[in-house]
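K.L.:
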Amino acid sequence: MKTTWPFLFVCLFALLQCQSDDVPQRGDFTPIPVRYPPAFRDTLQVDTFFGKAVHDPYRWLEDIDAPPVADWVRLQNELTFGYLQKIPFRGAIENRLRELWNFERYSSPRREGDFYYFFRNNGLQNQSVLYRVAELGDEPELVLDPNRWSADGSSALGAYAFSPEGNLLAYQVSEAGSDWRTIRVLDLVENRTLADSIQWVKFSGIAWAGEGFYYCRYPEPAAGERLSGRNEFHQVYYHRIGEAQSDDRLVFADRARPNRGFSAETTEDERYLLLGMWESTSGNALYFKDLTVENGEFMPIAESFEHDYTLVGNQGPNLYFLTNNGAPNGRLVKVNATKPDQGFWEEVLPEEKDVLLEAHLFGEHLLTSYLQDAKSVLRVYALDGERIGTVDLPGIGRVTDLQGAPDQNRAFFAFESFTTPATIYELDISLLTTRAYKAPTINFNSSQYATQQVWYKGYDGVDIPMFLTYKKGLPMDGRRPTLLYGYGGFNISQLPRFQVQRAVVLENNGIFAVANIRGGGEYGEAWHRAGTRSQKQNVFNDFQAAAEYLIQQGYTEPA
Numbered sequence: 108m109k110t111t112w113p114f115l116f117v118c119l120f121a122l123l124q125c126q127s128d129d130v131p132q133r134g135d136f137t138p139i140p141v142r143y144p145p146a147f148r149d150t151l152q153v154d155t156f157f158g159k160a161v162h163d164p165y166r167w168l169e170d171i172d173a174p175p176v177a178d179w180v181r182l183q184n185e186l187t188f189g190y191l192q193k194i195p196f197r198g199a200i201e202n203r204l205r206e207l208w209n210f211e212r213y214s215s216p217r218r219e220g221d222f223y224y225f226f227r228n229n230g231l232q233n234q235s236v237l238y239r240v241a242e243l244g245d246e247p248e249l250v251l252d253p254n255r256w257s258a259d260g261s262s263a264l265g266a267y268a269f270s271p272e273g274n275l276l277a278y279q280v281s282e283a284g285s286d287w288r289t290i291r292v293l294d295l296v297e298n299r300t301l302a303d304s305i306q307w308v309k310f311s312g313i314a315w316a317g318e319g320f321y322y323c324r325y326p327e328p329a330a331g332e333r334l335s336g337r338n339e340f341h342q343v344y345y346h347r348i349g350e351a352q353s354d355d356r357l358v359f360a361d362r363a364r365p366n367r368g369f370s371a372e373t374t375e376d377e378r379y380l381l382l383g384m385w386e387s388t389s390g391n392a393l394y395f396k397d398l399t400v401e402n403g404e405f406m407p408i409a410e411s412f413e414h415d416y417t418l419v420g421n422q423g424p425n426l427y428f429l430t431n432n433g434a435p436n437g438r439l440v441k442v443n444a445t446k447p448d449q450g451f452w453e454e455v456l457p458e459e460k461d462v463l464l465e466a467h468l469f470g471e472h473l474l475t476s477y478l479q480d481a482k483s484v485l486r487v488y489a490l491d492g493e494r495i496g497t498v499d500l501p502g503i504g505r506v507t508d509l510q511g512a513p514d515q516n517r518a519f520f521a522f523e524s525f526t527t528p529a530t531i532y533e534l535d536i537s538l539l540t541t542r543a544y545k546a547p548t549i550n551f552n553s554s555q556y557a558t559q560q561v562w563y564k565g566y567d568g569v570d571i572p573m574f575l576t577y578k579k580g581l582p583m584d585g586r587r588p589t590l591l592y593g594y595g596g597f598n599i600s601q602l603p604r605f606q607v608q609r610a611v612v613l614e615n616n617g618i619f620a621v622a623n624i625r626g627g628g629e630y631g632e633a634w635h636r637a638g639t640r641s642q643k644q645n646v647f648n649d650f651q652a653a654a655e656y657l658i659q660q661g662y663t664e665p666a
């Protein structure tokens with residue numbers, strides 16, 4: 108099979124067509140000669156697996172400390188950086204990228220106690236800063252700035268959670284990229300950090316209840332094994348504010364299964380504690396305890412690790428969960444705490460063709476986010492599953508950062524597209540109306556560009572969607588420089604999102620294409636599995652077919 112590729116931006120600088128006088132058009136660009144350094148091919152390196160010979164001629168490159176490998180790396184770097192330094196318009200592209208990167212970003216506001224809290228980044232900060240306002244539109248008050256925690260920027264904010272009254276904020280701090288976290292507590296009334304310091308926290312959230320919170324940790328590692336020790340014997344603890352960590356109460360541990368991990372979560376009314384158990388990155392068992400019952404025991408909801416369960420919220424004893432149990436594309440079920448056996452579960456939202464990504468209990472409604480042909484759809488349902496309506500979105504894009512509260516019919520969300528950075532919208536859930544709350548100011552005119560979705564055939568006849576974004580009115584003469592992107596792995600969906608690198612491609616008369624190839628999660632678990640293990644070749648075939656489609660349809664040409 109002949110391999111054909113469109114003008115992919117393997118190196119962005121080499122293929123851009125700029126409108127600026129500093130950057131020549133494609134026909135004026137003198138190719139830079141490249142002499143690829145030779146690499147030894149060891150034809151004698153052969154392994155036999157199940158009677159089949161498998162050649163591995165470049166295994167010698169795995170010995171990273173060997174002098175031949177060091178020489179190979181040096182020659183590769185000389186080739187790469189030597190090429191980049193010879194590009195005459197590289198500086199113009201760099202300047203434009205810097206201009207685009209420098210714009211203000213906001214998160215969706217969330218109501219906690221008497222304030223709305225949100226994150227803001229001025230465009231150049233390494234980490235976003237937490238602010239609050241009493242009323243939307245007020246002058247923001249700084250709450251937490253992770254950029255001040257270390258001179259070299261190596262301290263980072265992890266998970267965080269507000270107390271039910273909104274007077275305390277527990278947050279995790281990571282040092283130098285480590286998975287270890289330290290939990291600290293900020294008094295939001297007096298604006299001071301409390302003495303509480305919870306160490307050896309890893310793979311944990313923060314779940315408030317009563318006068319403290321639940322968290323997960325490992326035993327303190329032996330000296331010298333902080334970064335190299337095994338993650339064994341995960342445990343759930345309860346910390347009471349003002350007490351030493353040594354006084355924290357052990358809530359759950361499994362001494363017989365050292366590799367099992369746990370999660371702790373409480374319902375909004377603090378009545379139920381949810382205990383999740385996991386053994387890998389997918390699938391979890393689930394138990395719960397009624398915290399109003401003295402010396403109550405954990406009761407099972409799901410004891411196997413075959414499926415995923417995510418708490419949506421509760422209405423009294425009724426617990427709502429998002430799960431893929433019996434529904435690869437997701438469904439919503441209601442579990443009554445008085446009879447949690449699966450035979451008594453009630454299906455509120457059955458599985459659909461569209462993938463159910465999120466569900467939130469806001470007011471007397473369920474606000475859901477679905478994935479429909481690799482783009483976001485917001486729908487509102489009553490608690491009994493009756494569909495109330497669909498939220499009108501600005502166009503082809505993705506929704507993130509849904510924020511709201513069970514006692515409110517107002518929510519906020521972020522919407523972005525290939526040509527528009529994330530804009531924060533306010534949603535009236537009862538009326539299904541939206542308004543732009545915070546729109547970024549960026550020196551990029553998104554109205555000049557269009558996005559369309561096309562379908563092409565994979566080599567086995569499967570229909571595969573692809574997004575194409577380009578300047579309106581751009582002549583499709585079969586010679587457009589084209590950046591084709593695909594991923595196809597780990598159930599990760601490639602949804603519309605804004606990136607300044609792509610904006611520069613579009614500004615300079617290029618096409619940006621995203622192929623939603625198999626292996627991702629665009630159509631649920633079946634789409635994911637169709638690009639894994641024995642079917643992994645589908646991923647590469649789908650990407651190749653996308654390139655051939657772009658050529659055949661007159662968008663671009665082979666390199």
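Just so you know, we're using my numbering here: the sequence shown kicks off at 108 and counts up by one. For glycine and all other residues, C-beta sits at the position ideal for the given N, C-alpha and C. Just so we're clear, the structure is a prediction, and the values are computed from it rather than from any experiment.
1) Going by CA-CA distance only, name the one from N550, P528 and S537 that's closest to A543.
2) Helix, strand or coil: which one does DSSP assign to G189?
3) Could you check what DSSP says for S67 in three-state terms: helix, strand or coil?
4) Which value, in whole angstroms, describes the spacing of the CA atoms of H162 and S262?
5) Starting from the C-beta of E458, find all residues in its chain whose C-beta is less than 8 Å away, skip the five residues before and the five after it, and write them out in chain order.
6) Near L509, what residues of its chain come up, given a Cβ to Cβ distance below 8 Å and the 5 sequence neighbours on each side ignored?
7) Among A302, L276 and K193, which residue has its Cα nearest to the Cα of V296?
8) Under 8 Å: do the segment 324-340 and the segment 249-265 share three or more Cβ pairs, one atom per stretch?
9) Tell whether a beta-carbon distance below 8 Å holds between I618 and Y662.
10) Which same chain residues end up closer than 6 Å to N366 when comparing Cβ atoms and leaving out the 5 residues on each side of it in sequence?
11) Out of R486, W385, G403 and P174, state which residue places its alpha-carbon closest to the alpha-carbon of A409.
12) Enumerate in chain order the residues of its own chain whose CB-to-CB distance from E401 is below 7 Å, with the five nearest sequence positions on each side excluded.
13) With a threshold of 16 other CB atoms inside 10 Å of the CB of D303, please say whether the residue is buried or exposed.
14) Taking Cβ to Cβ, would you say W562 is nearer than 8 Å to I549?
15) Which residue comes first and which comes last in the beta strand (DSSP E) that contains Q279?
16) Pick helix, strand or coil for P131, following the three-state DSSP scheme.
17) Measure the alpha-carbon distance for P253 versus V176 and round it to whole angstroms.
18) Whole angstroms are fine: how far does the CA of D376 sit from the CA of E664?
19) My understanding is that G595 touches V646, with C-beta atoms under 8 Å, so please give their C-beta distance in whole angstroms.
20) On the DSSP letters alone, give me the boundaries of the alpha helix (DSSP H) that Q644 sits inside.
21) Considering only their Cβ atoms, is the gap separating G580 from A622 smaller than 8 Å?
22) Rounded to the nearest angstrom, how far is the Cβ of R239 from that of Y213, given a contact under 8 Å?
23) If we count the other Cβ atoms within 10 Å of its Cβ and call it buried at 16 or more, is A610 buried or exposed?
24) Quick one: what's got a C-beta closer than 7 Å to I305's C-beta in the same chain, skipping five residues either side?
25) Leaving aside the five residues before and after P164 along the sequence, list all residues of the same chain whose C-beta is less than 8 Å from its C-beta, in chain order.
26) Compute the beta-carbon to beta-carbon distance between Y394 and P407, rounded to the nearest angstrom, for a pair I have assumed lies under 8 Å.
27) Which of helix, strand or coil does DSSP assign to F597?
28) Is the CB-CB distance between N233 and G260 below 8 Å?
29) Looking at C-alpha atoms only, which residue of A268, V280 and D294 is the closest neighbour of E372?
30) Which residue from W315, V487 and D584 puts its Cα closest to that of G496?
31) Using DSSP with H/G/I as helix, E/B as strand and the rest coil, what is F395?
32) Roughly how many angstroms lie between the CA atoms of F522 and V455, to the nearest whole one?
33) Just to confirm my understanding: we take G230, look at its own chain, exclude 5 residues before and 5 after, and list those with CB closer than 6 Å. What are they?
34) Kindly indicate which three-state DSSP category P140 falls into: helix, strand or coil?
35) Could you tell me whether the Cβ atoms of F469 and G511 are closer together than 8 Å?
36) Can you name, in chain order, every residue of its own chain whose Cβ lies under 8 Å from the Cβ of F156, other than the five neighbours on each side?
P.N.:
Let me spell this out:
1) Against the sequence shown, residue 543 aligns to sequence position 436. Considering only alpha carbons, the answer is P528.
2) Indexing the sequence shown from 1 puts residue 189 at position 82. Assigned with DSSP and collapsed to three states, G189 falls in helix.
3) Any property of residue 67 remains undetermined from this structure, which presents the chain solely from 108 to 666.
4) Start at 1 with the first residue of the sequence shown, and residue 162 comes out as number 55. Start at 1 with the first residue of the sequence shown, and residue 262 comes out as number 155. Cα to Cα, H162 sits roughly 45 Å from S262.
5) Against the sequence shown, residue 458 aligns to sequence position 351. Cβ neighbours of E458 beyond the five flanking positions: G433, A434, P435, N436, G437 and R438.
6) As a position in the sequence shown, residue 509 is number 402, starting the count at 1. For L509, where only same-chain residues beyond five positions count, the Cβ hits under 8 Å are S215, E465, H467, L474, S476, A518, F519 and F520.
7) Working through the sequence shown from its first residue, we reach residue 296 at position 189. It is L276 whose Cα lies nearest to the Cα of V296.
8) no
9) As a working note, residue 618 is residue 511 in the sequence shown. As a working note, residue 662 is residue 555 in the sequence shown. Result yes, Cβ atoms of I618 and Y662 sit closer than 8 Å.
10) Position 259 of the sequence shown, counted from the first residue, corresponds to residue 366. Answer for N366: no residue qualifies.
11) To locate residue 409, count along the sequence shown from 1; it is residue 302. It is W385.
12) Counting from 1 along the sequence shown, the entry for residue 401 is found at position 294. The answer is none, since no qualifying residue turns up.
13) Taking the sequence shown and counting its residues from 1, the one referred to as residue 303 is at position 196. Buried: at least 16 other Cβ atoms inside 10 Å.
14) Here residue 562 refers to the residue found at position 455 of the sequence shown. Here residue 549 refers to the residue found at position 442 of the sequence shown. Not closer than 8 Å, so no.
15) For this step, residue 279 is matched to residue 172 along the sequence shown. L275 to E282 is the extent of the beta strand (DSSP E) around Q279.
16) Position 24 of the sequence shown, counted from the start, is the residue given in the question as residue 131. Bear in mind that a pLDDT of 44 at P131, under 50, signals an unreliable position, so the model cannot answer this.
17) In the sequence shown, the residue the question calls residue 253 occupies position 146. In the sequence shown, the residue the question calls residue 176 occupies position 69. Those two C-alpha atoms are separated by around 40 Å.
18) Taking the first residue of the sequence shown as 1, we reach residue 664 at position 557. Taking the first residue of the sequence shown as 1, we reach residue 376 at position 269. Cα-Cα distance, rounded: 60 Å.
19) Counting from 1 along the sequence shown, the entry for residue 595 is found at position 488. Counting from 1 along the sequence shown, the entry for residue 646 is found at position 539. 4 Å between Cβ atoms; contact.
20) What you label residue 644 is simply residue 537 of the sequence shown in a count that begins at 1. Taken as a continuous stretch (DSSP letters only), the alpha helix (DSSP H) holding Q644 covers Q644 to Q659.
21) The sequence position of residue 622 within the sequence shown is 515, counting from 1. The sequence position of residue 580 within the sequence shown is 473, counting from 1. No. Outside cutoff.
22) In the sequence shown, counting from the first residue as 1, residue 239 sits at position 132. In the sequence shown, counting from the first residue as 1, residue 213 sits at position 106. A Cβ-Cβ distance of about 13 Å is found for the pair R239 and Y213, leaving them out of contact under the 8 Å criterion.
23) Position 503 of the sequence shown, counted from the first residue, corresponds to residue 610. Counting C-beta atoms within 10 angstroms of its own C-beta, A610 has 16 or more neighbours from the protein chains shown and is therefore classed as buried.
24) Within the sequence shown, residue 305 is the residue found at index 198, counting from 1. Closer than 7 Å at Cβ, skipping near neighbours: T289, I290, Y322, H346 and Q352.
25) The residue given as residue 164 occupies position 57 in the sequence shown. Counting only Cβ-Cβ distances below 8 Å, and skipping sequence neighbours, we find R148, D149, T150 and Q152.
26) For the purposes of this step, residue 394 is identified with residue 287 of the sequence shown, where counting begins at 1. For the purposes of this step, residue 407 is identified with residue 300 of the sequence shown, where counting begins at 1. Contact flag correct, Cβ pair sits at about 5 Å.
27) Position 490 of the sequence shown, counting from 1, holds the residue named residue 597. Three-state DSSP puts F597 in coil, outside helix and strand.
28) For this step, residue 233 is matched to residue 126 along the sequence shown. For this step, residue 260 is matched to residue 153 along the sequence shown. Yes, these two residues count as a Cβ contact at 8 Å.
29) As a working note, residue 372 is residue 265 in the sequence shown. Ranking A268, V280 and D294 by Cα distance to E372 puts A268 first.
30) Your numbering for residue 496 matches position 389 in the sequence shown. Cα-wise, what sits closest to G496 is V487.
31) Taking the sequence shown and counting its residues from 1, the one referred to as residue 395 is at position 288. Here F395 sits in strand by DSSP.
32) As a first step, residue 522 is located in the sequence shown; it is residue number 415 there, counting from the start. As a first step, residue 455 is located in the sequence shown; it is residue number 348 there, counting from the start. Taking the straight line from one Cα to the other gives about 27 Å.
33) To locate residue 230, count along the sequence shown from 1; it is residue 123. Excluding sequence neighbours, G230 sits near N209, F210 and E211.
34) Here residue 140 is taken as the residue at index 33 of the sequence shown, counted from 1. Correct three-state label for P140: coil.
35) Counting from one through the sequence shown, the residue named residue 469 turns up at place 362. Counting from one through the sequence shown, the residue named residue 511 turns up at place 404. Yes; because the gap between Cβ atoms is below 8 Å, this pair is in contact.
36) Here residue 156 refers to the residue found at position 49 of the sequence shown. No residues qualify anywhere along the chain.
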